[in-house]
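Residue numbers (my numbering), protein chains in the order written: chain U, 1157 to 1599; chain R, 1157 to 1599.
Each residue gets a CB set at the ideal place from its N, CA and C atoms; glycine is no exception.
There are 2 protein chains.
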Amino acid sequence: MVGPTSYFDPARAGELDPRTAELVRRRAAALGPAYRLFYREPLEFVRGEGAHLFDADGNDYLDAYNNVPSVGHAHPRVVAAIAEQAARLNTHTRYLSEPTVAYAERLLATMPELGEAHVMFTCTGTEANEVAMQMARMATGGRGFICTTGAYHGNSELVGALTDAPRRGRPNLNAFDVPDPYRPPREGLTAEQLGEAYLADVKSAIDDFATAGVPFAGMLLCSILANEGLPDMPPRFMAQAAALVREAGGIVILDEVQAGFCRTGSWWGYQVTDVEPDIVTMGKPMGNGLPLAACAGRRDLVERFRAETGYFNTFSSTPVHGAVGMAVLDKLEDRNIRAHVTDVGAHLLRGLESIAPSCDKIGDVRGRGLFFGIEWVVDRESREPDPAGAGAVCNALRDRGFLTAPAGPSHNQVKIRPPLVFDRSMADAFLEAFADVVAAVPA
Amino acid sequence: MVGPTSYFDPARAGELDPRTAELVRRRAAALGPAYRLFYREPLEFVRGEGAHLFDADGNDYLDAYNNVPSVGHAHPRVVAAIAEQAARLNTHTRYLSEPTVAYAERLLATMPELGEAHVMFTCTGTEANEVAMQMARMATGGRGFICTTGAYHGNSELVGALTDAPRRGRPNLNAFDVPDPYRPPREGLTAEQLGEAYLADVKSAIDDFATAGVPFAGMLLCSILANEGLPDMPPRFMAQAAALVREAGGIVILDEVQAGFCRTGSWWGYQVTDVEPDIVTMGKPMGNGLPLAACAGRRDLVERFRAETGYFNTFSSTPVHGAVGMAVLDKLEDRNIRAHVTDVGAHLLRGLESIAPSCDKIGDVRGRGLFFGIEWVVDRESREPDPAGAGAVCNALRDRGFLTAPAGPSHNQVKIRPPLVFDRSMADAFLEAFADVVAAVPA
């Protein structure tokens, strides 16, 4: 859970303007008081366009946080696709649907690494990871999964068990250390020794299942370790971890919910971290806000799962899913988003790296395409995480009209992950505000 | 799994017209060959309106099956709501959203039986039941659930375990007999003794947990036992089963995914079967096709769950969810759907009951509002289920332009569950076709 210094504290509702206070009160009564809101002073938006969000007073916020509206908030082509298809037909998959099939074909073509593959649509990333984990269990006859100690892959019982999993001690689940050279397991290791240490931990997590008599099913991993704080992994870590999993008879599931759909400058994060999946899961930006997610996998894996379960998802694989998914792919290709992300991402990274040395609280700057994590620390020597500092920066940026949020396993990173239409001029405006906020941070 | 006599058999793809055969081939390649299609000859629709679906050749099918488009396929007001809100704003719930709060308030007002309650939105019924079961476990500290032997509540690992659960033998799960007087557990019981026998089985399922040392969490039950075949339960069965659950410290979760939103002529199925829930789950017709579902519960239950889990669902509780959900409620109220369902449902039931005696294969006709199950049996004496017969009827109706599908624990019911805008003239057309099909059934 993120610290109260950056999220809204219900105890301070009295300090809000009357309209906001009343909406907060109604929201707590209807949806529950523990339902969190971003920022010390919560925001209510009424309109979005491109990478901008507007509140009821017409104030303009530059969105440097939201990854779901990846081709832009309220994008006209996506809106037209949903409106036109919903006005025509929206049924389930017990009938034939050309838009669904055409979309599935086009999506699979972006994943040549899977070879001959099938895709199953779901409504959320949680559902996609549920399918993937069940699929891996059926294929292997195993039960045990490995993941990182900083994982988050969804909120069902099966998938939610991976959240912040301990290294050992949960049934069917062993976590291995996040391969983060910024905080190595012990000091004095060479880069090579460090890589070996991380892989040894992966192997130990796998071997522990054999010792415990739990048959092994596989690994579920975000391809860029997004929730783990985008660590600068040792080279070849992902491929070598995948090889260990396969040697032990397990299935490699790569979660592309955050990394996929051009976020890193490639179609898929695994193409950047150079590892080949057996199963790929995806979600968030896939429908630009429509609940659309999927699990793609090698044909043998999907066929077995489909035959054994008769899986059916009422709301998924509909013509509306197909039409909207296709509109998002159209926009990603029309705008040559991969090149755009690579260019703007590199520009923003250079800017952040030029600001970082001025502030001793900034311990590290990590970036992959248009996805950044800025490590906030008590000081550079101790590297002790400073979640309150990261939260204060996010609130200060909000007050200047720029949206970010804290992230990372210790909630001490400032996460920058804008819609992919974020451009160089937006990056410059953001960097100016960020430099101002950083300059005001007490030493 | 439903029998191949009613679903499409891929081995017979060669008998299809070339266009359909090609789409079937592409679908199998992209989505997997085991992905089932309704009917011996699959249908591809291109347009929907009200209770009608149209194929590419302009053929008109009367939809007597689909419950999701409850206010009608492609309803203009629902389409306008999604188009307008998606064009304006669609973000997640870490920002304030008036449409979401207003919708939650209005929805909760239809469930006075919950008292002071909160609602949590999800994207699918599976996700709603995941939340409900986790919520019940947190509230009770228990693990064990009871359900019926004919249950289906979703496809995640936790919720999917309830599907066709055996009476005993699975961890944390005991099923009790479907209270179906048409197939009593033994002959010669009076109605009163039969009711007692079913309740004794519920009690035995609960008590078994105590014997096994498994702390009890509660019961998950469809309020009208839809997948169990809409049995004509003994009076007060639901309320008495709920009382047994509460006596043992368990939580009563009622699944309204099929029964809710006026399907039975009341807002909620539990109002018809006269039982009070602690938690209510809902889905299918809620967004008329948009992935929208929810779990509503007593405030103490929801607050504890929210505080313990920090549950967040990216695609849920959005302004688009709020706007679309509100448009559906508007239509249900504007058209006075509850009175309409009661009237048309009674009319259709009378018609079905007048046809039934003419065919010895029809063992029983069950109905709740606009939801019917017609029991197909080998003969009325043995009452042996005849899934092939039910499948043949559904295929014959399809060939005449009327959509139904087989259902029930033995897949031997013809399920009639049209959009709620189905009217008397549609019912008459359906009854005429049904009478024709029944007349052609071999004795």
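Proximity to residue i [Cα-Cα], best of the options
i	options	result
Leu1318(R)	Thr1296(R), Glu1286(R), Pro1441(R)	Glu1286(R)
Ala1373(U)	Ile1407(U), Val1458(U), Thr1560(U)	Ile1407(U)
Arg1262(U)	Tyr1251(U), Leu1252(U), His1274(U)	His1274(U)
Asp1584(U)	Val1500(U), Gly1281(U), Glu1272(U)	Val1500(U)
Val1534(R)	Cys1550(R), Gln1569(R), Glu1509(R)	Gln1569(R)
Val1334(U)	Asn1383(U), Asp1363(U), Arg1460(U)	Asn1383(U)
Thr1176(U)	Phe1471(U), Asp1211(U), Leu1187(U), Tyr1191(U)	Asp1211(U)
Lys1359(U)	Val1497(U), Ala1404(U), Thr1560(U), Asp1320(U)	Ala1404(U)
Ala1591(U)	Tyr1338(U), Ala1512(U), Gly1525(U), Arg1419(U)	Ala1512(U)
Phe1586(U)	Gly1297(U), Ala1563(U), Val1549(U)	Val1549(U)
Ala1243(R)	Asn1246(U), Pro1565(U), Gly1228(U), Leu1245(U)	Gly1228(U)
Ala1561(R)	Tyr1195(R), Leu1172(R), Leu1187(R)	Tyr1195(R)
Pro1166(U)	Val1180(U), Gly1547(U), Tyr1221(U)	Val1180(U)
Pro1441(U)	Ala1190(R), Arg1192(R), Phe1164(R), Asn1246(R)	Asn1246(R)
Cys1451(R)	Gly1416(R), Val1480(R), Thr1161(R), Phe1528(R)	Gly1416(R)
Ala1239(U)	Gly1445(R), Thr1161(R), Arg1455(R)	Gly1445(R)
Ala1395(U)	Ser1566(U), Asp1430(U), Leu1193(U)	Asp1430(U)
Asp1357(U)	Glu1343(U), Arg1324(U), Ala1368(U), Tyr1338(U)	Arg1324(U)
Lys1517(U)	Asn1330(U), Val1597(U), Val1315(U), Leu1172(U)	Val1597(U)
Glu1205(R)	Val1594(R), Val1577(R), Val1593(R)	Val1577(R)
Thr1465(R)	Ala1544(U), Gly1188(U), Asn1469(U)	Gly1188(U)
Asn1223(U)	Gln1414(U), Asp1555(U), Leu1381(U)	Gln1414(U)
Ala1190(U)	Glu1459(R), Ala1589(R), Leu1505(R), Pro1268(R)	Glu1459(R)
Arg1192(U)	Phe1461(R), Ala1544(R), Gly1525(R), Ser1566(R)	Phe1461(R)
Ser1566(R)	Arg1183(R), Ile1530(R), Pro1575(R)	Ile1530(R)
Ala1321(R)	Pro1268(R), Ala1307(R), Pro1174(R)	Ala1307(R)
Arg1573(U)	Ala1236(U), Phe1527(U), Glu1412(U), Thr1346(U)	Phe1527(U)
Phe1164(R)	Arg1183(R), Leu1172(R), Glu1197(R), Ala1184(R)	Glu1197(R)
Chain-ordered chain U contacts of residue i [CB-CB under 9 Å]
i	result
Leu1252(R)	Thr1176, Leu1179, Val1180, Arg1183, Leu1193, Pro1198, Leu1199, Glu1200, Phe1201
Val1484(R)	None at all; the shortest Cβ gap to chain U is about 13 Å.
Chain R residues whose Cβ lies nearer than 9 Å to that of residue i
i	result
Thr1296(U)	Correct list: empty, because the minimum Cβ distance to chain R is about 15 Å.
Gly1204(U)	Arg1244, Leu1245, Asn1246, Thr1247
Phe1578(U)	Near Phe1578(U) there are no residues of chain R at all, since even the closest Cβ is about 16 Å away, more than 9 Å.
Val1593(U)	By Cβ distance, chain R contributes nothing, its closest Cβ being about 20 Å from Val1593(U), past 9 Å.
Whole-number beta carbon distance between residue j and residue i, since they are thought to touch under 8 Å
i	j	result
Gly1557(U)	Leu1218(U)	6 Å
Leu1350(R)	Pro1391(R)	Incorrect: roughly 11 Å between the Cβ atoms, too far for contact.
Tyr1354(R)	Phe1393(R)	6 Å
Ala1483(R)	Val1257(R)	Going by Cβ atoms, the distance from Ala1483(R) to Val1257(R) rounds to 16 Å, so no, they are not a contact pair.
His1231(R)	Lys1487(R)	7 Å
Trp1423(R)	Ser1379(R)	No, Trp1423(R) and Ser1379(R) are not in contact; Cβ-Cβ is about 11 Å, not under 8 Å.
Arg1522(U)	Leu1386(U)	4 Å
Phe1277(U)	Ser1581(U)	Contact doesn't hold; Cβ gap of about 36 Å is too wide.
Ala1589(R)	Leu1553(R)	6 Å
Partners in chain R for residue i, counting only beta-carbon separations shorter than 7 Å
i	result
Phe1372(U)	None at all; the shortest Cβ gap to chain R is about 17 Å.
His1274(U)	Ala1186, Leu1187, Gly1188
Val1235(U)	Ala1239, Ala1242, Ala1243
Gln1290(U)	Glu1313
Val1401(U)	Per Cβ cutoff of 7 Å: no residues; Val1401(U) is ~21 Å from chain R at best.
Partner residues on chain U for residue i, Cβ-Cβ distance less than 7 Å
i	result
Ser1566(R)	Chain U residues near Ser1566(R): none, gap ~16 Å exceeds 7 Å.
Glu1286(R)	Ser1312, Glu1313
Interface residues of chain R facing residue i [CB-CB closer than 8 Å]
i	result
Thr1470(U)	Val1224, Thr1280, Gly1281, Gly1439, Lys1440
Val1408(U)	The contacting residues do not exist; Val1408(U) stays about 20 Å from chain R at best.
Residues that residue i contacts on chain U, provided the C-beta gap is smaller than 8 Å
i	result
Val1597(R)	Within 8 Å Cβ-Cβ: nothing; Val1597(R) doesn't reach chain U, min ~24 Å.
Every unbroken beta strand (DSSP E) within the stretch 1547-1598 of chain U, with a cutoff of 3 residues, ordered by chain: 1561-1563, 1569-1572
Residues in the stretch 1237-1248 of chain R having any Cβ partner in chain U nearer than 8 Å: Ile1238, Ala1239, Ala1242, Ala1243, Arg1244, Leu1245, Asn1246, Thr1247, His1248
Using Cβ-Cβ distances below 8 Å, what residues of the stretch 1529-1549 of chain R are close to chain U? none
Going residue by residue through the stretch 1405-1457 of chain R, where are the continuous alpha helix (DSSP H) segments of at least 4 residues, counting only ones entirely within it? 1425-1429
Considering only residues of the stretch 1340-1405 of chain R, which uninterrupted beta strand (DSSP E) runs meet the minimum length of 3 residues and lie entirely inside it, listed in chain order? 1372-1378
Mind checking the stretch 1443-1466 of chain R against chain U and listing, in chain order, the residues whose C-beta falls within less than 9 Å of any C-beta there? Gly1443, Asn1444, Gly1445, Leu1446, Pro1447, Leu1448, Ala1449, Arg1455, Val1458, Glu1459, Arg1460, Phe1461, Arg1462, Ala1463, Glu1464, Thr1465, Gly1466
Would you list, in chain order, the members of the stretch 1322-1353 of chain U that have their beta-carbon closer than 7 Å to a beta-carbon of chain R? none
Write down every uninterrupted run of the alpha helix (DSSP H) in the stretch 1457-1504 of chain R whose length is 4 residues or greater and which is fully enclosed by it, in chain order. 1475-1490
Inside the stretch 1257-1340 of chain U only - beta strand (DSSP E) runs reaching at least 3 residues: 1273-1278, 1300-1304, 1329-1332
According to a CB-to-CB cut-off of less than 9 Å, which residues of the stretch 1414-1440 of chain R neighbour chain U? Gly1439, Lys1440
Residues, ordered as in the chain, of the stretch 1487-1503 of chain R that lie near chain U by beta-carbon distance below 8 Å: none
What residues in the stretch 1204-1230 of chain U have a beta carbon less than 8 Å from any beta carbon of chain R? Gly1204, Leu1209, Asn1222, Val1224, Pro1225, His1229, Ala1230
Interface positions of the stretch 1253-1270 of chain U facing chain R (Cβ-Cβ less than 9 Å), listed along the chain: Ser1253, Glu1254, Thr1256, Val1257, Ala1258, Tyr1259, Ala1260, Glu1261, Leu1263, Leu1264
Report the residue ranges of all alpha helix (DSSP H) runs contained in full by the stretch 1175-1214 of chain R; include only those spanning at least 4 residues, in chain order. none
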